[in-house]
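Colleague:
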């Protein structure tokens, strides 16, 4: 165990820090859940790509820097520390990207990864259906072969980014009459293909952050399928692993929140309860614990290991931690908690963040499902009932 | 930067785990409880593995290993609720004596002939000391009054706290295993109770607490080994995380055992009581929270994502 950074890692940190200092927008962008804010965030993705920061771990051939996971963590720490914008292409770069890296053909890697890192194509996910939420194997939307195309029919819902994004990925039933986890394929599709109808859904905060997708005879070329026909479940589980595990929520995001919470506490100490004080201390502790764990997982992967069901522990921890920190902040704000904008015009990020944090324990597989996975696959408790 | 526990480092801890799981099961705890609490044969086994000398420098006949290695083994001692005073003598007192340059007794300690009961003023009592006996709820803990010359050295406190934290993690892991084991065999409503989500989710929460206590523990042990200026802060973090995980594991495990868990007959109580004992010693919850509060809210420690390893 070595808790010090190498000179090369320190130099990389300085390089990231300087670039961000010169480039992070001084004025916060509008929320990426509204149309104008979405486009601001896309412009930011492209600015990042011009600095070659799109996805530092990817090979240079695809617009990355070929760096390792420790360097990625350093990048993320600086990124969140600098208060840089949310990554509007997170479905692409953090979830689909690593999945393509693992399961894609060379042709698919070149075709999809490069524009992804460049911020040219923004990705939406299309997992859930009206009858397939926590029970994702109940997917009904079909993609049956017709010559060299799949013809998609059905409906997806809660598709993050789909209101405005360019492309989507999801699981579709490619084998007629198949049941549950079998007969599913992982397919990528252009959201502007004829027959795709997007219906934005207004979220808790009032913006159309996700959408329903309707598919009416949507023709998608078979080369848009990732891995083998019928292998979709396996591929989707890998994507879910990236989502719950290492990539989607790097610790820097939460450490930055904890630091803001400490600052908020200092401003409100005179009216804070002892319980709030302990919650603030615990926010620092838990975000640090999450960071140490992530560094340990990164070291494990770099040594040739992989993440399995432990990703569920991660997802439970960060999502509930994020909610707790934002709740603590609202309690500190007291009567000002309800204001969408403070009197000086600043957005009440704690309120927006609290609303967003309520989605964390639901998306990427609800925390109830994660607790089942933990109990059954990590602890070896009996699987009864749910299939 | 490398947060991994290398396979070479884990080798000794795994050997200790295998040895203790073979020789130090719940039956041993019952036998000790019914008798004299301590057993020279168990102590001899620990000597045979070289453990009393783990942290004694090689020139004094020890293995010259570090605090992270010791923490890994203290966790194994917690897993089996070891009653012999190995951890406090070999992993708390020895590195303290080494740091103070007091090397006279190290060879005898490494040989297992001499044991030191470290006494700190923050503890109300001393374990395996020589004063008037005090009555601990832990039936295998030999507690006595704090000697008048007890130390107030912060380093001794940090050493005691990190090794208590390591044992607490092991205790919590063992109680989780016991609860899972019981939930798999106890049937109600025609199925193992472990099949019910109410039970699964309770124990999943313990798994989460442990997953995020362990790296804090290893990081703190390494920081203390490195003599990092922020080591005390990280030790306090580890002690709190481990204590909270142990209490959660204990309360969840007794609940999963139902009324059986409330009996003296079921093994769980040995682990639960040791957790209560170690949770409160080597700095109370309030003490460790206050140290973190001063650093984090007080602003003496750099926080935020760029300062993960500050």
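Protein chains in written order, with our numbering: chain A, 572 to 958; chain B, 210 to 519. Don't be surprised by glycine CBs; every beta carbon is placed ideally from N, CA and C.
What is the residue span of the beta strand (DSSP E) that residue 720/A lies within?
Modeller: Segment 720-731, the beta strand (DSSP E) holding residue 720/A.
Colleague: Below 7 angstroms on C-beta distance, what does residue 945/A contact in chain B?
Modeller: Simply 413, 416.
Colleague: Less than 8 angstroms separating the beta-carbons of residue 726/A and residue 783/A?
Modeller: In contact: residue 726/A and residue 783/A (Cβ atoms closer than 8 angstroms).
Colleague: By Cβ distance, which residues of its chain are closer than 8 angstroms to residue 710/A, with the 5 residues on each side in sequence left out?
Modeller: Hits under 8 angstroms: 700, 703, 742, 743, 744, 755.
Colleague: With a threshold of 8 angstroms between beta-carbons, can residue 300/B be considered close to chain A, or not?
Modeller: Cβ-Cβ to chain A under 8 angstroms: no for residue 300/B.
Colleague: Excluding sequence positions up to five away, which residues of its chain have a Cβ less than 7 angstroms from the Cβ of residue 336/B?
Modeller: Around residue 336/B: 294, 297, 326, 350, 351, 352.
Colleague: Which chain B residues are close to residue 909/A, counting only those with a beta carbon under 7 angstroms from its beta carbon?
Modeller: Those do not exist, as residue 909/A stays about 26 angstroms from chain B at its closest Cβ, beyond 7 angstroms.
Colleague: Beta-carbon separation of residue 288/B and residue 223/B under 8 angstroms?
Modeller: Not closer than 8 angstroms, so no.
Colleague: So the candidates are 422/B, 459/B, 262/B; which of them puts its Cα closest to the Cα of residue 485/B?
Modeller: Comparing Cα-Cα distances from residue 485/B to each of 422/B, 459/B, 262/B, the minimum goes to 459/B.
Colleague: Buried or exposed for residue 357/B, please, with buried defined as at least 16 other CB atoms from any protein chain shown within 10 angstroms of its CB.
Modeller: Flag for residue 357/B reads exposed.
Colleague: Is residue 545/A buried or exposed, if buried means 16 or more other CB atoms sit within 10 Å of its CB?
Modeller: Outside the modelled stretch of chain A, which goes from 572 to 958, sits residue 545/A, for which no answer is possible.
Colleague: Provide the residue(s) that pair with residue 941/A in DSSP beta bridges, ordered along the chain.
Modeller: Answer by DSSP bridge pairing: none, since residue 941/A is not bridged.
Colleague: May I have the straight-line CA-CA distance separating residue 546/A from residue 649/A, to the nearest angstrom?
Modeller: Nothing can be reported for residue 546/A: it is not among the residues displayed for chain A, which extend from 572 to 958.
Colleague: Determine, for residue 849/A, whether the minimum Cβ-Cβ distance to residues of chain B falls below 8 angstroms.
Modeller: With 8 angstroms as the cut-off, residue 849/A counts as an interface residue toward chain B.
Colleague: Roughly how many angstroms lie between the CA atoms of residue 762/A and residue 733/A, to the nearest whole one?
Modeller: Roughly 8 angstroms between the two C-alpha positions.
Colleague: Comparing the C-beta of residue 491/B with each C-beta of chain A, is any distance below 8 angstroms?
Modeller: Chain A contact via Cβ: absent.
Colleague: Alpha carbons only, please: which of 642/A, 593/A, 656/A is nearest the one belonging to residue 622/A?
Modeller: Among 642/A, 593/A, 656/A, the Cα nearest to that of residue 622/A belongs to 593/A.
Colleague: Cβ closer than 7 angstroms: which chain B residues qualify as neighbours of residue 830/A?
Modeller: Here the neighbours are 512, 513.
Colleague: Using 8 angstroms as the limit for Cβ to Cβ distance, is residue 958/A near chain B?
Modeller: Only weak support exists for where residue 958/A lies, its pLDDT of 41 falling under 50; the value from the coordinates is given anyway. Output row for residue 958/A: interface = no.
Colleague: Mind listing the chain A neighbours of residue 518/B? Cutoff is C-beta to C-beta under 8 angstroms, in chain order.
Modeller: The answer, in chain order, is 574, 575, 576.
Colleague: Give a yes or no on whether the minimum CB-CB distance between residue 864/A and chain B is below 8 angstroms.
Modeller: It does; some Cβ of chain B falls within 8 angstroms.
Colleague: Going by the CB atoms, is the gap between residue 708/A and residue 752/A shorter than 8 angstroms?
Modeller: The answer is yes: Cβ separation under 8 angstroms.
Colleague: Assign residue 912/A to buried or exposed, taking buried as 16 or more other Cβ atoms, counted over all protein chains shown, within 10 Å of its Cβ.
Modeller: It is exposed - the Cβ of residue 912/A has fewer than 16 other Cβ atoms within 10 Å.
Colleague: Using three-state DSSP, classify residue 783/A as helix, strand or coil.
Modeller: Three-state result, residue 783/A: strand.
Colleague: Of all the alpha helix (DSSP H) runs that stay within the bounds of the segment 815-861 of chain A, which reach a length of 4 or more residues?
Modeller: Segments of the alpha helix (DSSP H) lying fully in the segment 815-861 of chain A: 822-839.
Colleague: Check the Cβ of residue 276/B against every Cβ in chain A and list those closer than 8 angstroms, keeping chain order.
Modeller: Near residue 276/B there are no residues of chain A at all, since even the closest Cβ is about 11 angstroms away, more than 8 angstroms.
Colleague: Could you check where the alpha helix (DSSP H) with residue 640/A kicks off and where it finishes?
Modeller: Its alpha helix (DSSP H) spans residues 640-652.
Colleague: Let me see if you follow: with CB-CB separation under 8 angstroms, is residue 771/A close to chain B or not?
Modeller: Not closer than 8 angstroms to any Cβ of chain B, the Cβ of residue 771/A fails to qualify, so no.
Colleague: What number of angstroms, rounded off, separates the C-alpha of residue 253/B from the C-alpha of residue 820/A?
Modeller: Answer to the nearest angstrom: the Cα atoms are 49 angstroms apart.
Colleague: If you count every other CB in all the chains shown that lies within 10 Å of the CB of residue 478/B, and 16 or more means buried, which is it?
Modeller: Under this definition residue 478/B is a buried residue.
Colleague: How about residue 900/A and residue 640/A: do their beta carbons lie closer than 8 angstroms?
Modeller: It is not a contact, given that the beta carbons lie outside the stated cut-off.
Colleague: Who are the Cβ neighbours of residue 418/B in its own chain at under 6 angstroms, not counting the five residues just before and after it?
Modeller: The answer, listed in chain order, is 454, 457.
Colleague: What does DSSP give as the partner residues of residue 573/A in its beta bridges?
Modeller: DSSP output for residue 573/A lists 211/B as bridge partner(s).
Colleague: Is residue 878/A closer than 8 angstroms to residue 803/A when the C-beta atoms are compared?
Modeller: Result no, Cβ atoms of residue 803/A and residue 878/A do not sit closer than 8 angstroms.
Colleague: Sort 232/B, 213/B, 274/B, 496/B by Cα distance to residue 367/B and report the nearest one.
Modeller: Among 232/B, 213/B, 274/B, 496/B, the Cα nearest to that of residue 367/B is on 496/B.
Colleague: Cutting at 6 angstroms between CB atoms, please list the residues of its own chain near residue 940/A, excluding the five before and the five after it.
Modeller: Here the set comprises 705.
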